[in-house]
Structure formats: C-alpha cells, structure tokens
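Working notes, structure below.
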Amino acid sequence: MTGSGQRSFLPKRSRQPLLRAGKLGLRLLLIAAVASGIIWWSSGKEAATFSQTVSASQLLGNSPQPDAEGKLPYARLMLQHPEAEAEAASSPTISIDPLQYTESAPEAKLAETDGPDGPALSWNSDSGWVEWSFEAPRAGWYELHLDYKPLPGGRTSVIRGVQLDGAYPFAESETIELQRLWKDAKYPYERNELGMQVRPRQTEISEWSVKAASDFSASSRPLLYRLEQGGHTLRLVGEREPVALKKLSFEPQRVLPAYEEYVSSQPADQAGNQPAWYEITEAEAFDRKSSISIQTDHWAEPNISPDPKGHLTYNVLGGNRWRLPGEWVEWRTEVPEDGWYVLDLKNFQNYRAGFKAYRTIQIDGEVPFREWLHYGLGYHKEFEIAPAADGEGNPYRIYLKKGGHKITMTADSSPLQPVSLALKETLGQISDFDRHIRLITGNYSKNASDANIDSQRTWEMKKYDPDAGAKVQAIVARLNVIRDYVNGLNGRDSDLSQAIKSSVSMLQAMLDDVDEIPSKVNDFSTIQASIGTWMSTLTQQPLMLDYFVLRTPDSDPGLKTASVLSRVPYALGDFGRSFTMDYELGGKTEQGALTIWVQRGRDYVDLLREMVDQDFTPKTGIAVNINLMPNPNMLILGNAAGEVPDVALGLGGSDAGRLRDAECGPGPVRISRLRRRHEAVHPGSGPGAQL
383 MTGSGQRSFL PKRSRQPLLR AGKLGLRLLL IAAVASGIIW WSSGKEAATF SQTVSASQLL
443 GNSPQPDAEG KLPYARLMLQ HPEAEAEAAS SPTISIDPLQ YTESAPEAKL AETDGPDGPA
503 LSWNSDSGWV EWSFEAPRAG WYELHLDYKP LPGGRTSVIR GVQLDGAYPF AESETIELQR
563 LWKDAKYPYE RNELGMQVRP RQTEISEWSV KAASDFSASS RPLLYRLEQG GHTLRLVGER
623 EPVALKKLSF EPQRVLPAYE EYVSSQPADQ AGNQPAWYEI TEAEAFDRKS SISIQTDHWA
683 EPNISPDPKG HLTYNVLGGN RWRLPGEWVE WRTEVPEDGW YVLDLKNFQN YRAGFKAYRT
743 IQIDGEVPFR EWLHYGLGYH KEFEIAPAAD GEGNPYRIYL KKGGHKITMT ADSSPLQPVS
803 LALKETLGQI SDFDRHIRLI TGNYSKNASD ANIDSQRTWE MKKYDPDAGA KVQAIVARLN
863 VIRDYVNGLN GRDSDLSQAI KSSVSMLQAM LDDVDEIPSK VNDFSTIQAS IGTWMSTLTQ
923 QPLMLDYFVL RTPDSDPGLK TASVLSRVPY ALGDFGRSFT MDYELGGKTE QGALTIWVQR
983 GRDYVDLLRE MVDQDFTPKT GIAVNINLMP NPNMLILGNA AGEVPDVALG LGGSDAGRLR
1043 DAECGPGPVR ISRLRRRHEA VHPGSGPGAQ L
C-alpha cells in the first residue's frame, strides 16, 4: 500500500518482464520504421507511362527544309524518299580503285604504297581533297564502303567529307568518321603496391577496316547516297587525320528482317531441349573499342562483379565515358553448341532523367534483326539485370553456331534526331517572334528589371499584329507535338518534356491576354534557355555496363543486384576495412623515385597519379610519389624539417615568390624555357606557367 508522499516500488522479478517487453517493443518500432523507409524508398512515385502516338513524319513534315545553315539533314531526306531503303537492297556494286583518282589537291600529299596487304593510296595529311570518276549502271540508292587504315598521327578518328558531283547530298555527309581501333595494353589490370588497380596504356590496333559511311546521330543503318544512271564524281575532302585507302565501293544495303522473320528463317527453336548453360562476360574485358575516351571505371556495391573488397578496382565500363553516337565496344565470347541464346545486360542508366539510352547491337558484325537497331534501355536509378527484350518483356532469342562470336554495342542517338530538328526549328520560330515583338515595342532589354518600355501601357496587339495570337498558338501546338513524341519514345515523362510543359504554360498565359505579350517578352528568352539546356544533351547516350550474360533460354544464372538491405552489411564491411588498409601513397622507395606535391583538388591529384602510373612510369621506369598538398606553407615547414619534394605543382605566382624568399629549393621554373616543352607539358598550360 502507498500513502501520501510515499513511492511504490515493484520487486526486481516483476520489473524484468516489463523491461523485456519494453526492449521488444522498441525493437519492433525500429524494425517497422526501417521497413517503412525501405518500402517508401524502393517504391516512390509510380511514373506515368506513355505510348508512341506521333510519328517522325508528323513531327517534321514531308517538305524539304534545310537547317539554319542551309543544309538538308539526312532524316528529312529519308522522309522525302521512304522508298530508298527498299530500292537500296537491289542496287548493284560499283568498285573504285583509290589509286585511279582523276584529280587531287596538292596539300593532300598523296603517295602510292605497296605493303603486305597490297597497293594502297596514302593520304598523308588531314587536308586537301581527292576525286574519282565512275559510272553508275543504273539509278538507285547505295551505301558507300571504305577499306581504310588510319595512318600514324593523333589519337582521334579520321574524318572525311563525301561529295557527289561537287556537292554534299546531305548535312551529315560533311563529316564521315573513320574510327581508329583501340584496346587496353594489358588485361587483367595490374595492381600497385597498395593493391589498387592501375589502368593500362591504350594501344592502337593498326589494321585495315571496312566500314560503310555512317552517322549514328542520324541513322542506325549506313547512310544512303542517291546515284542516277550515268557518270559521276566522288570527292573525299580532308577534315582530320591522315589515312590510307585500299578500296572504295558503292554497294547495296543488306535486307534487315523483323524479329519474327528472323526467327522463321533460322532452325526451329527446340524449347526445353538445350541443356542449361550461361557465360558471364565482364564489360571491362572488351576486345576492342572505337575511341580512346571509352574507359573503364570503378564501382563498389553488393553483387558488383568483381567485388573490389575495399580496393580500387576497374569493374565497370562506360557511363559518361561512353556516350557519343557511333562509339562502339566489341567483346568476344563462345557458345558450346549450335542453338538459341538470350542476351542479358547488367546496366546502370541513371544519367538523364526519364530518357532511354540506345545501343545498336551486332553479332559477328551484323545486326540480326530490326529490333536491335537503336535498342532502348530504360531509365532506372540502380543497376539492373534484364534480357534484351521486346516491349512486353519477352526476351529476343538469337541463333548461334558453336564456337566463338563477336558482340558489338554502338551508342546510337538516331531516334532523337527528329526531336532535335523539330526543337531547333521551333526555337527559331520563338526567336523570330521575340525579335518581331521587340521591333514593335522598341524593347531590346533582356532583363525585366531594366525594360525600356512603359510597363503600365496597354497594348492593342491586334492593331500592331493581328496574327500575334495565331503565331503563339502555332508554337504551342508544335511544342505539344514534340512533347508527345518524346514521351512516346521514352514511355514516360522526362526532364525535357517537363521543360517543354513549363514553356507551354508560359505561352498559354500569353494567349489568355494577347495584349500582355509585350510585357512578357522576356519569357521568350527564358523558354529558349530552358529548352536549349536539355537540347545539348539529346545526342548523348551514356550507359554503364557491369557485365552481360549469354545463356540458353531456359537457364537461370541466379544473378542478383544490390538491394537496400544488402547495402547495410556491405557498407559496414567497407567501413571496417578502412581501419586495416594502408592508404599511404608515398611509399615508393626505389632509387631515383620522384616526389611531387600538388596543391590542387583531390580529383586532379588522382587523375595525375593515374596518368603517371599508366603512361610515365611504364615508359621511363621512374617511380613517382604524388601527394596532395593542402597549403603551400607545407613547403616552408617541410624545408625547415629537411623534407621537401622534388617538384611542387599548382602554386600561384605569389606563393612562388614567398617560397623563393624562404629559400625553399631553387625556386620556380618557367615552362617556356624548357626544351621540348610542347611534348612534355599539358597543352592547357598557358604562358608563364610554373613548375
């Protein structure tokens, strides 16, 4: 019993069940909170889905319309000639010997060479032009094939313009790219003294290649050239890098079947009769690539392959380093027997909100069916393992013979060219209308705060321009069509479609009261800036690959991606390793090793270290210790302690003067006084740069 001012105490045995119940309740609450957070994080807002309701011809129209520079885009040319592809399949082959040219410019520096691969024409400069005459036996559409080998020069692709009968037939013909071939000098990658992988040097593969003139920003298939029956001239115009030519030819275009036609043309699918089999090919284990800018990268998360286990490991390929149209990567793989196979891709595609990333997929140098032209991989926020499949999720099956095969994936932005052209035209219309309104009102200010018109004036726009409302309405209608087309391509909303929606809202506000257009004229500039920001990324197709799987249709590799729950122990493991791993990068003690201190950001220092380990040390045998220097005063303190680097980078002029006064070493060195400085110093170094 308790009285006034007295406490009541429960026996110890009675308190224990309550304590246990309290702890259990607290754990349940924590579990519920974590579970709720996981559900909320993983589900999020369901994105609205869209279907394709607008065609490219509706978007662009069928009338010929050159771009702002007076050039006809290839997409518009094909809209004018829908019969081109069918006619191209029956065109004859026209062969041209590069050595039998009729005219050339002296600056082309031509020479005939006769190597082990036969005679060829060496074009030893990146300028000039060469012209050939030939006969077309009949009118038709043709692909232009070039048997070429880039000559020693820079690290960029060869570019040549292609003229027929003295003119470029379409805009893309001015810059036909003939790519160099590259590979990693060594795979698997070597590791440094800390167990971190070091990217190897990039090695050029010098060999002859046959390529059809193409532009993956305009078309997933080789470009088609129209030839009438009779005599013609072909002129190649030098734009970049020297090249050797062994053969030129105009050829018919291969007939590309739809998927159902492809399946029916192959041996019957023996469903269930193939033994279960699969093979994983790491993305970083590629055989060759078209550009030195396509690079591997490092990634750490559960189920990444291979797991870095706390060390820097280059285990993925691409991302923003594989985004430009026409850039391709090729891998080699083998299958154990003749049969049908499915291609699974583990990919990360979280670079442009709402947009698909497109890849044209080839098997042994050929696209097997139309559906693998600009195959779209949907936007997702994490790595995803999914088969290359149709819109309903049914995997595409490919028939392969026993033995080795090549799989090539090419970045492709051609589905977005109609969008780019339509937006450029619409923004041109907005710009013209903007100037028109400013001419009427005399307001040439780009800032609403210093507008030089009377903001209180009521304009009678029907008096000055009776069609003003109709012009704005036409722009609104065009933007809505573009937005529907973009949403149809992606199957969902995107940043660009949101920018267009916002712009349409601003234009609709003008239509509500046409007389208010002059006071809202600066909105036109806002619209152009908003849409223009996203337009600049339309041709970019970033995609990151961890690996791909070639498997029989009924096999289940059981591969997984990272989940929210798996990330927790993985992060704890990495955190624990951070206490035991040695991260000190200044430990190279070889005789003659250089010590460099750098006063720059960590990203810059990491890049410099990578370049040294990749190129400088393998070439010279000189080990280099590179350390981050947070403050130039470290040099003064180091000098007092007798520990100074051989080289200090990133110092400003005032810092160099203070160090000279403090007698910290010999002082700054002007790069302009060094011999062979253009070979030794990064091209970005300006006059007066100091080491």
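By the count of the working numbering, the sequence shown reaches residue 1073 at its end, each step adding exactly one.
Ideal Cβ placement from N, Cα and C applies to all residues, glycine included.
Alpha carbons only, please: which of the options is nearest the one belonging to residue i?
i	options	result
residue 613	746, 959, 644 and 517	517
residue 800	435, 436 and 441	441
residue 748	715, 977, 675 and 637	637
residue 735	454, 526, 676 and 916	916
residue 978	659, 1006, 523 and 557	1006
residue 879	710, 896 and 912	912
residue 782	603, 772 and 715	715
residue 529	566, 470, 585 and 589	589
residue 1076	465, 720, 795 and 892	Absent from the structure is residue 1076, since the part of the chain shown begins at 383 and ends at 1073.
residue 496	481, 623 and 790	481
residue 788	767, 639 and 712	712
residue 792	596, 938 and 585	596
residue 725	767, 709 and 684	767
residue 1011	721, 986 and 591	986
Compute the Euclidean distance between the alpha carbons of residue i and residue j, then round it to the nearest angstrom.
i	j	result
residue 500	residue 491	20 Å
residue 956	residue 1000	31 Å
residue 1081	residue 628	With the chain represented from 383 up to 1073, any question about residue 1081 goes unanswered, as that position is not in the structure.
residue 817	residue 920	27 Å
residue 410	residue 680	Because residue 410 sits at a pLDDT of 46, beneath the cut-off of 50, its placement in the model cannot be relied upon, and the following sentence gives the value as read from the coordinates. If I take the Cα positions, the gap works out to 38 Å.
residue 947	residue 686	15 Å
residue 914	residue 477	44 Å
residue 413	residue 944	Caution is warranted here: a pLDDT of 48 is assigned to residue 413, below 50, making its placement in the model unreliable, and the coordinate value is therefore given only provisionally. Approximately 20 Å, taken between the alpha carbons.
residue 692	residue 960	8 Å
residue 963	residue 927	28 Å
residue 624	residue 434	44 Å
residue 424	residue 700	Note that residue 424 scores 45 on pLDDT, short of 50, meaning its location in the model is unreliable; the coordinates nonetheless yield the value given after this. Straight-line Cα distance between these residues: approximately 25 Å.
residue 522	residue 462	15 Å
residue 1028	residue 1014	14 Å
residue 753	residue 464	19 Å
residue 469	residue 577	59 Å
residue 536	residue 622	9 Å
residue 640	residue 668	28 Å
residue 514	residue 547	10 Å
residue 454	residue 552	5 Å
residue 531	residue 774	43 Å
residue 610	residue 741	34 Å
residue 473	residue 617	21 Å
residue 893	residue 739	36 Å
residue 527	residue 688	40 Å
Are residue i and residue j close, meaning C-beta to C-beta below 8 Å?
i	j	result
residue 779	residue 733	no
residue 869	residue 875	yes
residue 630	residue 456	no
residue 703	residue 677	yes
residue 864	residue 808	yes
residue 561	residue 707	no
residue 731	residue 757	no
residue 1032	residue 980	yes
residue 525	residue 635	yes
residue 995	residue 580	yes
residue 564	residue 671	yes
residue 931	residue 941	yes
Which first and last residues belong to the alpha helix (DSSP H) in which residue i is found?
i	result
residue 844	843-846
residue 814	799-823
residue 476	Per DSSP, residue 476 belongs to no alpha helix (DSSP H); it is in the beta strand (DSSP E), 476-478.
residue 668	Per DSSP, residue 668 belongs to no alpha helix (DSSP H) and is neither H nor E.
residue 659	From DSSP, residue 659 is part of no alpha helix (DSSP H); its letter is neither H nor E.
residue 916	904-917
residue 959	946-959
residue 631	Where residue 631 is concerned, there is no enclosing alpha helix (DSSP H), although the beta strand (DSSP E) it sits in stretches over 625-633.
residue 459	456-462
Where do the N-terminal and C-terminal ends of the beta strand (DSSP E) with residue i fall, by residue?
i	result
residue 791	785-793
residue 593	591-594
residue 515	511-518
residue 740	739-745
residue 504	500-505
Round the Cβ separation of residue i and residue j to the nearest angstrom and send it over; I've been treating them as touching at under 8 Å.
i	j	result
residue 698	residue 665	6 Å
residue 332	residue 620	Within the shown structure, residues of the chain are numbered from 383 to 1073, placing residue 332 beyond reach of any answer.
residue 812	residue 882	Contact doesn't hold; Cβ gap of about 12 Å is too wide.
With 8 Å set as the bound, which would you pick, yes or no: does the beta-carbon of residue i sit closer than that to a beta-carbon of chain B?
i	result
residue 569	In the displayed structure, chain B is absent; only one protein chain is listed.
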